[in-house]
Structure formats: structure tokens, C-alpha cells
Amino acid sequence: MKIAVLSTLKNLYSTRRLVEAARMRGHECVVIDHSQCYVGIKQGKPSMHYKGQDLSDIDAIIPRIGASVTFYGSAIVRQFEVMGVISANPSQSITRSRDKLRCMQILSGAGIGMPITGFARRTRDVDDLIKMVGGPPLVIKLLEGTQGIGVVLAETKKAASSVIEAFYGLGNNILIQEYIKESRGTDIRAFVVDGRVVGAMKRTAKEGEFRSNLHRGGSAEIIKLNKAERETAVRAAKELGLTVCGVDMLPSDRGPLVLEVNSSPGLEGIEKATQKDIASEVIAFLEKQYILKQQNRKDRKAKAGQKL
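Take the sequence shown: its letter number 133 is residue 133 in full-length UniProt numbering, and every next letter is one higher.
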């Protein structure tokens with residue numbers, strides 16, 4: 001196959017590992033900056049171009065779409081899909097997961113465990129919101145935040161009210177979430193590929209910090225998931241329609257609670273913690289989809305021949 005990794009930074013660990021894994025398995029692999037792609041929309045002949053080059057020879061893509069370019073990046077993935085190119089994740093699922101509120105609504109409707117979450121727009125609703133999530137301490141999150149940025153722990157009602165009102169005053173959309181004290185600054189990242197967990201790690205926040213993100217100085221170690229954690233991760237991925245994702249969960253007294261589902265999960269932390277070749281799992285999934293596509297094409301040709 002000819003595989004394209006859609007990434008704005010070709011030297012990132014995740015991008016490099018995916019390219020390396022694809023080439024090790026005998027495929028041609030290129031890195032394409034999706035922010036510099038442009039589409040041609042024509043009846044019966046959709047096209048994709050990159051720096052003047054026609055990309056009609058691409059067989060499969062691995063989207064690594066950053067939060068700041070979700071709209072444009074998803075449109076590029078969608079164009080590839082219209083062209084019949086295999087994608088590691090569907091464009092619609094990428095946009096679902098990137099919208100934290102929509103993601104939580106979908107998972108809630110499916111009965112998947114999560115911290116109690118509130119969302120509103122007016123400051124006069126703040127008191128009821130705080131009460132809704134169980135009172136302080138509570139967590140306040142920017143809807144557009146990533147890697148722990150825009151996440152605040154409010155210890156008191158007064159602090160929570162001040163932070164929420166400040167975010168509203170700046171025109172930000174936020175979520176207010178229950179604080180799970182028994183997690184003790186740890187969470188779990190399960191890496192799901194094609195409906196199964198291929199690796200998992202426990203992340204622990206550094207001293208004095210409640211956010212366990214590795215970008216915030218947290219540490220990671222391999223963990224063996226229990227049945228509930230494994231099933232929750234797989235169900236969350238399925239409900240969002242993601243075939244490659246990282247599912248972040250908090251351990252709690254009422255079972256695993258999903259914090260977020262990441263459609264472009266980093267590989268560095270999970271590969272180093274687990275010592276597993278996660279990148280090759282992603283390539284193996286694309287190989288499986290390519291074989292199915294080729295078989296379906298043969299079946300359609302055979303049926304067409306029978307009709308003649």
C-alpha cells in the first residue's frame with residue numbers, strides 16, 4: 001500500500017513511528033501536512049492535491065489531526081473517504097471525539113460510566129451547576145483544551161464560582177465535572193485498535209499536581225486492565241465510531257469513568273511504558289481493511305460478470 005500520515009509535524013515521535021512501522025511492513029509511506037492540502041470537488045471525480053501534486057495514488061491515511069485544525073483536517077479526511085481511500089479513523093468520528101461535550105453526551109446516552117458533568121452558558125446558573133456535580137472540589141475544563149491545558153481544580157465554591165465566571169466572561173465554553181478524589185491523581189490510558197485494547201498505561205500526576213498528563217510532568221507505567229476497564233474502553237471507542245483511539249479513564253469506587261476519548265493519541269508514552277509496538281498495530285489494521293476492500297472489489301466484479 002501507499003500510506004499517508006496526515007501530520008503537520010513530521011518529526012514528532014508518533015509520526016516517525018508510524019512511518020517506520022509502515023515501511024518495516026513493506027509499505028510506501030509519506031507524511032503529508034493536511035493543513036496544506038486542498039480539494040477538488042467535481043461530479044464523479046473528487047480529487048486531493050498537495051503542493052501541486054495529485055494524491056490519487058494514496059491507498060490509506062492515518063489522520064493525526066490537531067485540535068487547532070479540527071474543522072479543516074476533518075474536511076480533508078472526508079475528501080479522502082469520498083475518493084475511496086481507507087482511513088484509520090472516520091472523519092465523522094474524529095469530529096465527535098474532538099468536541100468534548102458531544103463526546104460526553106454520546107457516552108452518557110450509551111450508559112458508559114463518567115464523572116458527573118455540567119454544561120451551561122449563563123453565570124446565574126453557576127450555583128445550580130456546582131450543586132449538580134456534587135459541590136466542591138470540582139474540575140473546570142475548557143471545551144477546546146488539550147494535554148491538560150485549560151483544566152482547573154477548584155477547591156471551594158467561591159473559587160469555583162470565580163473561575164467559571166471568568167471563563168464565561170472571556171466567552172469560553174466550559175464543562176464542570178465531579179472531582180473523583182479516590183483516583184488520587186492517577187488515570188488510565190487504554191489504546192484501542194480495531195475493537196481491542198492493544199496497550200494500557202497508568203499515568204500519575206507529579207507532586208502538587210492533579211493532572212496526570214505526561215505533558216504536565218506526569219509519569220507512566222504499564223498496567224493490566226481489569227475486565228470492567230477493558231470493556232469500558234472498547235465500548236467507548238465503538239460508540240464514537242473510532243477504530244484507533246486512546247481512552248482515558250479514572251479509577252473510582254463505582255468503576256472506571258471515561259474522561260476523554262482521543263482520536264489522535266500519542267504513541268511515545270504508551271510505547272515506552274508498555275514496550276509494545278503500538279504503531280505496527282495501527283498499520284496491521286490498515287492492512288486488514290485493504291485486503292477486505294480488494295476482496296469486495298473482486299466480489300463486485302464477479303457478480304457483474306455473472307449478470308452479463
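Backbone N, C-alpha and C define an ideal beta-carbon position, used for all residues, glycine too.
Exercise. Is H27 near G73, with beta carbons less than 9 Å apart?
Worked result: no
Exercise. DSSP three-state call for S68: helix, strand or coil?
Worked result: DSSP places S68 in helix when its eight states are reduced to three.
For this session: Please list, in chain order, all residues of the same chain as D187 whose beta carbon is under 6 Å from its beta carbon, the five residues on each side excluded.
Result: R203, S212, D248 and L250
Exercise. Below 9 Å between beta carbons: does that hold for G246 and R189?
Worked result: Yes, they are a contact pair.
Problem set entry | Proximity winner among L175, F191, A304 and K51, relative to M132 (alpha-carbon distances) | L175
For this session: May I have the straight-line CA-CA distance separating S162 from I116, to the nearest angstrom?
Result: 20 Å
For this session: Taking only the alpha-carbon atoms, compute the straight-line gap between L101 and F191 and give it to the nearest angstrom.
Result: 21 Å
For this session: Taking only the alpha-carbon atoms, compute the straight-line gap between V282 and N262 and give it to the nearest angstrom.
Result: 15 Å
Problem set entry | Continuous alpha helix (DSSP H) stretch holding K157: start and end | K157 to G169
For this session: Can you tell me which of the three DSSP states I106 falls into?
Result: helix
Exercise. Is there contact here, the region 55-64 with the region 73-84, by at least three beta-carbon pairs under 8 Å?
Worked result: yes
Exercise. Which one of S7, R121 and S183 has the shortest CA to CA distance from T70?
Worked result: S7
Exercise. Which residues bound the beta strand (DSSP E) around I222?
Worked result: S219 to I222
For this session: Determine which residues share a DSSP beta bridge with F285 and list them.
Result: Paired residue(s): none; F285 is not in a bridge.
For this session: Determine the direct distance from the alpha carbon of I270 to that of A200, and round the result to whole angstroms.
Result: 7 Å
Exercise. Should G226 go down as buried or exposed, given a rule of 16 or more other Cβ atoms within 10 Å for buried?
Worked result: According to the sequence as given, residue 226 is Asn; it is not Gly. By the neighbour-count rule (16 or more Cβ atoms within 10 Å), N226 is not buried but exposed.
Problem set entry | Span separating the alpha-carbon of C29 from that of V19 | 6 Å
Exercise. Of the residues C37, A67, R23 and K10, which one's Cα is nearest the Cα of Q53?
Worked result: C37
Problem set entry | Coil, strand or helix - I94 by DSSP | helix
Exercise. In chain order, what residues of the same chain lie with their CB nearer than 6 Å to the CB of I76, ignoring the 5 residues before and after it?
Worked result: H34 and C37
Exercise. Do you know how far the Cα of I112 is from the Cα of I3?
Worked result: 34 Å
For this session: Leaving aside the five residues before and after L110 along the sequence, list all residues of the same chain whose C-beta is less than 6 Å from its C-beta, in chain order.
Result: One point to set straight first is that residue 110 is Ala, not Leu, in the sequence displayed. Counting only Cβ-Cβ distances below 6 Å, and skipping sequence neighbours, we find E239.
For this session: Provide the residue span of the alpha helix (DSSP H) that contains L240, from first to last.
Result: K227 to L240
Problem set entry | Segments of 4+ residues assigned as alpha helix (DSSP H) that fall wholly inside the region 13-40 | 13-24
Exercise. Between which two residues does the alpha helix (DSSP H) harbouring K131 extend?
Worked result: V126 to M132
Exercise. What is the residue span of the alpha helix (DSSP H) that T274 lies within?
Worked result: E268 to T274
Problem set entry | Residues of its chain near L259, where Cβ-Cβ distance is below 8 Å and the 5 sequence neighbours each way are ignored | Here the set comprises M114, P115, D187, D248, M249 and L250.
For this session: Identify the continuous beta strand (DSSP E) that holds N262 and give its terminal residues.
Result: Secondary structure note for N262: its beta strand (DSSP E) is the uninterrupted segment L257 to N262.
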